[in-house]
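Comments concern the structure below.
Structural data, given as structure tokens:
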């Protein structure tokens, strides 16, 4: 529903804060939430402090001071994370809980806009656990300073606080989405695994980084979380639908309806350069379908996928810089990629690699599998992981390319002989599949105007499959054959000695 | 002030409301009667700009809820089917919260909130947790929330459900007192007596369609025929029967009593009494036979497929 007047951001915030403040009061009046939060806020940091002190003392005695030192920031992260785990409980029931208690309808009948309601509820679910988390961190750090004489380096403090905040927002915005899409708190709790499992993996990853003391890598995780936050919040705003919140009483799997929608999106109309079917000889009428597919349907798919194509293009440019940076940072031993020798030189990676190719079908299988897997990953990561194949491939080509040049080879010959013959087909095919993969995931966060998320996703899936089957697959078959039959011959001719 | 123009609402394959048209003018109370699942709540939700009609228009004070939901929601006081209160809040806090959402200043919020609770005879509830209220008090608190911003349109879904007879009367009186030339009120109810007492007009809804609409009298006439009068006389029964039969359609009679139908009792009855008096027939009573709204309702919801 459109709004008659666009409220100012100040008005949005004011009303969102009214909603948030009421919910915060509600949380603070529920002792079942307050008591565990207090325990985790006040008791756990003290316990963590005691543990850190004991471990440091123990390890110092046996020359393991380093492990003890690493344990202190690790426990700081854990102290910060534990209270924010409650944000999940609060956020999961934020909409569906109110629906179950029948208090949602009066709220939806008020002049609050969807954005104000979403913002208010998200803030409410974030503020209490996050405040508890900051308090826990403070208690832990003060106790460390008093009892262990350890003060945290400022950049590390900023990292931990920023990570904790970003994690809380990711958990809340993910849980709020679940809350808007389920019809009971029980169903929402069951779906919470979609938030808990990635967060558990993330925290484990952070733990490893902290024990390695590679604190710089935490900025990368922070960036990843911020992107995730932006996507989840956008998705949450798109999915907040008063109709669905009130209109749906039970979750019904409409397989027939889904199939009908998919079939509708899969179909394309017969077209043969504007001729009427009756005007075409019977034996040639079948041409109308493939002609319509390549002349009309695929161009319109590409038009619908313009933004994902730009994302893939930007990723390709990013991959170039990554390959270049890695080439500078991790140089290969000299002569490894000198291509002027003979094939029996085992160090000759590229030509040796080309010789080892088993069959064109194996190449096709590998390429196809990589593209399908990354596209599916894209569907579960708002499209972000769909670009990984293209990025990794291009980064490796660039990485090797720089070493080939530094080894004294001619870059143009390298490109024309080893990359271009199959690459001119394979790389565009990969970019095409990746762009459609990006769309599969991005549709969740930003469905096209006027389309429900489910319908938009089915359209994206139909477009992906059409492109994969009728464009990418033929291109990959051709590329695989060239890579098997032509590229090695060219390589032998130019670099075989 | 409330207008529905061919409003349809479809959820997947299910049509909840089907091309429904009606209007409620300022100063009028319309009761929407119908069995469970007839589409009353969906209609109210569309009028309150919570749901968007699949087709047709739902207008409040001339504004289409699908295009101007914000204006419509500000103009409507919606009493939901369930009170839907926040049980950990005090009555004072609850009304203050909703008052803020409707943009009322602090003084107005407090003044109106207190006045409404006073009106409902629950002043002591002001500082008490809503969870401690009785069911009836919770319903009255929900009604206070509905009235807090003094809206020109009231949509009341089962306003007296779960109330004891005294509270129900109090609420009915309040609703009647709210009827003025600047306000339109739509009441959804299962309580036929309440509909008859409260409403100027009654709409009976079945399977998403309005199957009968009019005043209580019009509906009775339309669905269960013209009024039936009962005449009781003392002696000269044959003369009385003859006189009555000449003027109206006699439907039943026994010794000393005659029942007849008339479309125009206001003109027929005086003439008949005059004729009986002229013929020296002693009239003991002449009264309309009670025809309940229930029979009208059952006829309407049972007779249409």
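Residue numbers (the numbering used here), protein chains in the order written: chain A, 1499 to 1995; chain B, 1401 to 1705.
The C-beta atom is built at its ideal place from N, Cα and C for all residues, glycine as well.
Everything numeric in this text was worked out from a predicted model, so none of it was measured.
For the pair residue 1574(A) and residue 1656(A), the CB atoms are not nearer than the 7 Å cut-off.
Under the Cβ criterion of 7 Å, residue 1500(B) is counted among the residues facing chain A. Within the model, the alpha-carbon separation for residue 1818(A) versus residue 1760(A) is close to 37 Å.
Around the beta carbon of residue 1662(A), a 10 Å sphere encloses 16 or more other beta carbons of the protein chains shown; the residue is thus reported as buried. Looking at the DSSP output, residue 1585(B) shares a beta bridge with 1429(B) and 1554(B).
About 6 Å separates the CB atoms of residue 1659(B) and residue 1628(B); that is less than 8 Å, so the two are in contact. Closer than 7 Å to the CB of residue 1761(A) there is not a single CB belonging to chain B.
For residue 1607(A), the closest Cβ of chain B is nearer than 7 Å. The C-alpha of residue 1915(A) lies about 17 Å from the C-alpha of residue 1904(A). Taking 8 Å as the upper bound for CB-CB distance, residue 1786(A) and residue 1770(A) are in contact here, some 4 Å apart. For residue 1450(B), the closest Cβ of chain A is nearer than 7 Å. Counting the other CB atoms within 10 Å of its CB gives residue 1511(B) a total below 16, which places it among the exposed residues.
Rounded to the nearest whole angstrom, the C-alpha separation of residue 1868(A) and residue 1593(A) is 39 Å. Counting only residues of its own chain and dropping the five nearest sequence neighbours on each side, residue 1970(A) has a CB closer than 6 Å to the CB of 1927, 1930 and 1931. Each residue's CA atom was taken as its position, placing residue 1858(A) and residue 1784(A) some 31 Å apart. Where residue 1709(A) is concerned, the enclosing alpha helix (DSSP H) starts and stops at 1691 to 1710. Unbroken alpha helix (DSSP H) stretches of 4 residues or longer found wholly inside the stretch 1617 to 1694 of chain B: 1637 to 1647 and 1665 to 1678, given in chain order.
Per DSSP, residue 1408(B) is not a residue of any alpha helix (DSSP H); the beta strand (DSSP E) it occupies stretches across 1402 to 1411. A residue is called buried once 16 or more other Cβ atoms fall within 10 Å of its Cβ, and residue 1960(A) is buried on that count.
As DSSP reads the structure, residue 1542(A) sits in no beta bridge.
Beta-bridge analysis with DSSP links residue 1920(A) to no other residue. With fewer than 16 neighbouring CB atoms inside 10 Å of its own CB, residue 1826(A) falls in the exposed class. For residue 1992(A), the uninterrupted alpha helix (DSSP H) run begins and ends at 1985 to 1993, by DSSP. The straight-line gap separating the alpha-carbon atoms of residue 1772(A) and residue 1420(B) is approximately 44 Å. In this structure, the straight-line span from the alpha carbon of residue 1910(A) to that of residue 1829(A) is close to 21 Å. Against chain B, a Cβ distance below 9 Å from residue 1516(A) picks out 1497, 1500 and 1501.
Under the 7 Å criterion on CB atoms, residue 1470(B) is classed as interfacial with respect to chain A. Linking residue 1622(A) to residue 1586(A) through their CA atoms gives a straight-line distance of about 12 Å.
Sequence-distant partners of residue 1596(A) (beyond 5 residues in either direction) whose C-beta falls short of 8 Å from its own C-beta, in its chain, are 1602 and 1605. In this structure residue 1498(B) is not in contact with residue 1474(B), their Cβ atoms being roughly 12 Å apart against a cut-off of 8 Å. Taking the C-beta atoms as reference points, residue 1581(B) is found nearer than 7 Å to residue 1427(B). Any Cβ of chain A closer than 7 Å to the Cβ of residue 1486(B) would place that residue at the interface, and such an atom is present. The beta carbon of residue 1517(B) sits closer than 7 Å to the beta carbons of 1491, 1523, 1525, 1526 and 1544 from its chain, once the five residues preceding and following it are set aside; these are given in chain order. Taking 7 Å as the cut-off, the beta carbon of residue 1424(B) is found closer than this to the beta carbon of residue 1402(B).
Under the Cβ distance rule, residue 1607(B) does not count among the residues neighbouring chain A, no pair being separated by less than 7 Å. Along the stretch 1583 to 1610 of chain A, the positions whose C-beta sits under 9 Å from a C-beta of chain B are 1596, 1599, 1600, 1601, 1602, 1603, 1604, 1605, 1606, 1607, 1608, 1609 and 1610, read in chain order.
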